[in-house]
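Q:
Number of protein chains: 2
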Amino acid sequence: MQDSKALKQKIDLAISKFLERRIEQAKEVSPSSELLMKNIKEFSLRKGKRIRPLFVVFGFKCFAEGQEDEIIKVSVSTELLHDYLLIHDDIMDKSNLRRGLPTFHKVYEKIYAEQNVSNPAPYAENSAILAGDILSAISSEPILESSFPDELKTKAVRKFNETNCQTGFGQELDILLELNENAKAEDVDLVHILKTAKYSVESPLYIGAILAGATDKQLKVLSDYAIPAGRAFQIQDDVLGVFGSEEKIGKPVDSDLKEGKKTLLTVHALEKANPEQKKRLLEILGNQSISMKDVLDARKIIEETGSLKHSRTLAKELANQALEIAKAADFRQEGKDFLISIADKLVNRED
Amino acid sequence: MQDSKALKQKIDLAISKFLERRIEQAKEVSPSSELLMKNIKEFSLRKGKRIRPLFVVFGFKCFAEGQEDEIIKVSVSTELLHDYLLIHDDIMDKSNLRRGLPTFHKVYEKIYAEQNVSNPAPYAENSAILAGDILSAISSEPILESSFPDELKTKAVRKFNETNCQTGFGQELDILLELNENAKAEDVDLVHILKTAKYSVESPLYIGAILAGATDKQLKVLSDYAIPAGRAFQIQDDVLGVFGSEEKIGKPVDSDLKEGKKTLLTVHALEKANPEQKKRLLEILGNQSISMKDVLDARKIIEETGSLKHSRTLAKELANQALEIAKAADFRQEGKDFLISIADKLVNRED
Numbered sequence: 010m011q012d013s014k015a016l017k018q019k020i021d022l023a024i025s026k027f028l029e030r031r032i033e034q035a036k037e038v039s040p041s042s043e044l045l046m047k048n049i050k051e052f053s054l055r056k057g058k059r060i061r062p063l064f065v066v067f068g069f070k071c072f073a074e075g076q077e078d079e080i081i082k083v084s085v086s087t088e089l090l091h092d093y094l095l096i097h098d099d100i101m102d103k104s105n106l107r108r109g110l111p112t113f114h115k116v117y118e119k120i121y122a123e124q125n126v127s128n129p130a131p132y133a134e135n136s137a138i139l140a141g142d143i144l145s146a147i148s149s150e151p152i153l154e155s156s157f158p159d160e161l162k163t164k165a166v167r168k169f170n171e172t173n174c175q176t177g178f179g180q181e182l183d184i185l186l187e188l189n190e191n192a193k194a195e196d197v198d199l200v201h202i203l204k205t206a207k208y209s210v211e212s213p214l215y216i217g218a219i220l221a222g223a224t225d226k227q228l229k230v231l232s233d234y235a236i237p238a239g240r241a242f243q244i245q246d247d248v249l250g251v252f253g254s255e256e257k258i259g260k261p262v263d264s265d266l267k268e269g270k271k272t273l274l275t276v277h278a279l280e281k282a283n284p285e286q287k288k289r290l291l292e293i294l295g296n297q298s299i300s301m302k303d304v305l306d307a308r309k310i311i312e313e314t315g316s317l318k319h320s321r322t323l324a325k326e327l328a329n330q331a332l333e334i335a336k337a338a339d340f341r342q343e344g345k346d347f348l349i350s351i352a353d354k355l356v357n358r359e360d
Numbered sequence: 010m011q012d013s014k015a016l017k018q019k020i021d022l023a024i025s026k027f028l029e030r031r032i033e034q035a036k037e038v039s040p041s042s043e044l045l046m047k048n049i050k051e052f053s054l055r056k057g058k059r060i061r062p063l064f065v066v067f068g069f070k071c072f073a074e075g076q077e078d079e080i081i082k083v084s085v086s087t088e089l090l091h092d093y094l095l096i097h098d099d100i101m102d103k104s105n106l107r108r109g110l111p112t113f114h115k116v117y118e119k120i121y122a123e124q125n126v127s128n129p130a131p132y133a134e135n136s137a138i139l140a141g142d143i144l145s146a147i148s149s150e151p152i153l154e155s156s157f158p159d160e161l162k163t164k165a166v167r168k169f170n171e172t173n174c175q176t177g178f179g180q181e182l183d184i185l186l187e188l189n190e191n192a193k194a195e196d197v198d199l200v201h202i203l204k205t206a207k208y209s210v211e212s213p214l215y216i217g218a219i220l221a222g223a224t225d226k227q228l229k230v231l232s233d234y235a236i237p238a239g240r241a242f243q244i245q246d247d248v249l250g251v252f253g254s255e256e257k258i259g260k261p262v263d264s265d266l267k268e269g270k271k272t273l274l275t276v277h278a279l280e281k282a283n284p285e286q287k288k289r290l291l292e293i294l295g296n297q298s299i300s301m302k303d304v305l306d307a308r309k310i311i312e313e314t315g316s317l318k319h320s321r322t323l324a325k326e327l328a329n330q331a332l333e334i335a336k337a338a339d340f341r342q343e344g345k346d347f348l349i350s351i352a353d354k355l356v357n358r359e360d
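Protein sequences, first through last, are from chains A and B.
Per the numbering used here, the very first residue in the first sequence carries number 10; after that it's consecutive.
Per the numbering used here, the very first residue in the second sequence carries number 10; after that it's consecutive.
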């Protein structure tokens, strides 16, 4: 299998080239358009795993060979979509940091402050809404401008738009979960399916596979792989968010608890807790001023209610399910190997 | 020529049918998705001129006959795009009313308040950002799912996305104009070209014409018509915004002045004003508590500086330019008649 680091570099180069052309076009419109596009490029090229573009490329390699440069160019679309969603999510969550640097609206707050705008924050938020809107508007262009047959491009773009729409539904659900004290495991699971499994795994695989001419039956196999793999990943991520080290997860170990994030871990714990445990856990969740003692107490309750074990067991089951599908799939070896390697990592992920 | 009122009804029915299908799909996802889609439908079907869908239909009729039902279905795309932009614009402008009813975020503020959410406004704004995002995501679907050849659909969607992107640039420019005390007529004109001429006239005509198989040379003629027609319309609209009656313009006669909206009228007046007039006009523009006396003073200065005459003359020139292009165009009669009738209305528009 090709070195995925080398492939990631090619993907970064393709993102850079696509946005460089867009900067040139924006320059012809006005200096403010050019500035917006340049900041979009800076944001898009921040360090990231590029997992969605990789799924596009290997989704293609499951069913066709060659044309690697062309499918890499197409894969840029999933990264643009991701950047637009992050920019808008950060506005909604009032976040200050993204990928270790200021969020998009915070970047513009600085720009407007330097231009002596007296109340820069709302103007900066508006520019960030517009930056996301513009990214969404051009996000399917890498598919449309590629050299694949028009019929396949039409089909791929329709899947792409559907995912964009469903991720919006997922985000709306996620916002409402925050308000819902009686959130159930199924609710959390639906958010995982929409915002992680479909969005980050199934849809990118489909884009690549559709352009490689995959049949509907073959696409179905990709779904059978993508949904459990995505769910396993998200459950594990949420476990790490509470039980991981700051070093490993790249954010403070108390941030998920402070945010009161509804995860399978917390929802299951609240369901299984005795009245005393439930009261204590609710004191901690969403509380901005928790101590390390509170974190340890929350971990203890999550363990004692069997929720940690439940999450770990379910994640492993789902990861194994994805692995079995990948192993049994009648796909080209290069694509299949990638799917297996990802599922393998999920099965053996330390959490 | 077909009665455009009957056509408008068919367009409304097509919008309704498209969104009805989307509600059914959203229902399968979750009750909150269904609710969001239902509110999107309510917003989209509010009273409007449907001028963009009409341009799609007649852009098509300039070059092809028949297939009216199909091009009407396609025309829904421009209305979805418009609704998404209005929803996001209303968030940015903190507006409360749209088409005589609460703006989208105000609708959701009421919904969340009724659900006893303690601080509904930010949640409502987030739902409105998401509603706009979802509308943008599905806005090209009416083109993609139509029965026109894939090659033409690809071309039409690319124009559509480009317009979506350029309108974003126009909105960013418009926001910055508000902050710029030295805004020039060219700056205002660029906003008119991006946000009115290209967005409301050129792009819809192109979508229809492309699907009818128009050549690039024919598309160029549509641009030659659309840009002056769109500019004329916007200049006249801004004149009406200050000199019209509340009854005619559907908003208070002082609202553009209170907003401090940068128009050709005000920018030209500030350029030509003597120091005293300039001081007085700047006192009035953007001032939330102006009286009818202030409105009359502003009108007087705009007249005395020759700015009213300048705007009217330029609008008439541009409208005549569009009319001449339409008259000389070698298009099918039905399409041509529509373009002429619109330009005629602009030439003879009372302002």
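Every residue, glycine too, gets a C-beta built ideally from N, C-alpha and C.
What you are looking at is a predicted structure, and each value in this text was computed from that prediction instead of being measured.
1) Do residue 269 of chain B and residue 258 of chain B have their beta-carbon atoms positioned less than 9 angstroms apart in this structure?
2) Does the beta-carbon distance from residue 320 of chain A to residue 210 of chain A come in below 9 angstroms?
3) Rounded C-beta distance between residue 66 of chain A and residue 155 of chain A? I'm assuming under 8 angstroms.
4) Can you tell me whether DSSP reads residue 294 of chain B as helix, strand or coil?
5) Beta carbons nearer than 8 angstroms to chain B: which residues of the stretch 18 to 35 of chain A have them?
6) Between the Cα of residue 168 of chain B and the Cα atoms of B/212, B/134, B/184, which residue gives the shortest distance?
7) Quick check on the DSSP output: what are the complete alpha helix (DSSP H) runs of length 4 or more inside the stretch 103 to 136 of chain A, in order along the chain?
8) Can you pull the chain A neighbours of residue 138 of chain B, defined as C-beta to C-beta under 8 angstroms?
9) Against chain A, with Cβ distances strictly below 9 angstroms, would residue 163 of chain B count as a contact?
10) Between the alpha carbons of residue 57 of chain B and residue 204 of chain B, how many angstroms are there, rounded?
11) Considering only the alpha carbon of each residue, which of A/343, A/296, A/94 lies closest to residue 135 of chain B?
12) Which ranges does the alpha helix (DSSP H) cover as unbroken runs of at least 4 residues, wholly within the stretch 277 to 355 of chain B, from first to last along the chain?
13) Enumerate in chain order the residues of its own chain whose CB-to-CB distance from residue 284 of chain B is below 6 angstroms, with the five nearest sequence positions on each side excluded.
14) Under a Cβ-count criterion, where at least 16 other Cβ atoms within 10 Å of its own Cβ denotes burial, should residue 142 of chain A be classed as buried or exposed?
15) Closer than 7 angstroms between beta carbons: that is the criterion. Which residues of the stretch 111 to 142 of chain A meet it against chain B?
16) Distance cutoff 9 angstroms, beta carbons only. Does residue 68 of chain A sit that close to anything in chain B?
17) Any Cβ of chain B within less than 9 angstroms of the Cβ of residue 10 of chain A?
18) Pair every Cβ in the stretch 94 to 112 of chain A with every Cβ in the stretch 124 to 138 of chain B, then say whether three or more of these pairs are closer than 8 angstroms.
19) Apart from the five residues on each side of it in sequence, which residues of its chain come closer than 6 angstroms, Cβ to Cβ, to residue 301 of chain A?
20) Below 7 angstroms on C-beta distance, what does residue 346 of chain A contact in chain B?
21) Name the two residues that bound the continuous alpha helix (DSSP H) containing residue 261 of chain B.
22) According to DSSP, is residue 198 of chain B helix, strand or coil?
23) What are the boundary residues of the alpha helix (DSSP H) that includes residue 162 of chain B?
24) Grouping DSSP H, G and I as helix and E and B as strand, with all else coil, what is residue 54 of chain A?
25) Are the C-beta atoms of residue 174 of chain B and some chain A residue less than 9 angstroms apart?
26) Residues of chain A with a CB under 8 angstroms from the CB of residue 41 of chain B: which are they?
27) If we cut at 9 angstroms on Cβ distances, does residue 276 of chain B have a partner in chain C?
28) For the 8 angstroms Cβ check, are there 3 or more pairs between the stretch 279 to 298 of chain B and the stretch 323 to 330 of chain B?
29) Hey, how far is the Cα of residue 303 of chain A from the Cα of residue 200 of chain A?
30) Are the beta-carbon atoms of residue 90 of chain A and residue 145 of chain A separated by less than 9 angstroms?
31) Kindly indicate the opening and closing residues of the alpha helix (DSSP H) around residue 87 of chain A.
32) Let's see if you can read the secondary structure: which residues bound the alpha helix (DSSP H) around residue 251 of chain B?
33) In whole angstroms, what is the alpha-carbon distance linking residue 26 of chain B and residue 33 of chain B?
34) Looking at residue 142 of chain A and the ligand MG, is the gap between the Cβ and the nearest heavy atom below 8 angstroms?
35) Taking just the CA atoms, how far does residue 208 of chain A sit from residue 10 of chain A?
36) Kindly indicate which three-state DSSP category residue 25 of chain B falls into: helix, strand or coil?
A: The structure says:
1) no
2) no
3) Contact doesn't hold; Cβ gap of about 13 angstroms is too wide.
4) coil
5) 35
6) B/212
7) 113 to 123
8) 97, 100, 101, 138
9) yes
10) 18 angstroms
11) A/94
12) 284 to 293, 301 to 313, 316 to 337
13) none
14) buried
15) 126, 132, 135, 136, 138, 139, 142
16) no
17) With a pLDDT of 46 at residue 10 of chain A, under the threshold of 50, the predicted position of this residue should be treated as unreliable, though the coordinate-derived value follows. Output row for residue 10 of chain A: interface = no.
18) yes
19) none
20) Correct list: empty, because the minimum Cβ distance to chain B is about 33 angstroms.
21) Looking at the DSSP string, residue 261 of chain B is not in any alpha helix (DSSP H), and its letter there is neither H nor E.
22) helix
23) 159 to 188
24) coil
25) yes
26) 178, 181, 182, 185
27) The structure shown has no chain C; the protein chains it does contain are A and B.
28) no
29) 27 angstroms
30) yes
31) 77 to 101
32) 225 to 252
33) 11 angstroms
34) Of ligands this structure carries none, so the ligand MG is not represented either.
35) Note that residue 10 of chain A scores 46 on pLDDT, short of 50, meaning its location in the model is unreliable and no value can be drawn from it.
36) helix
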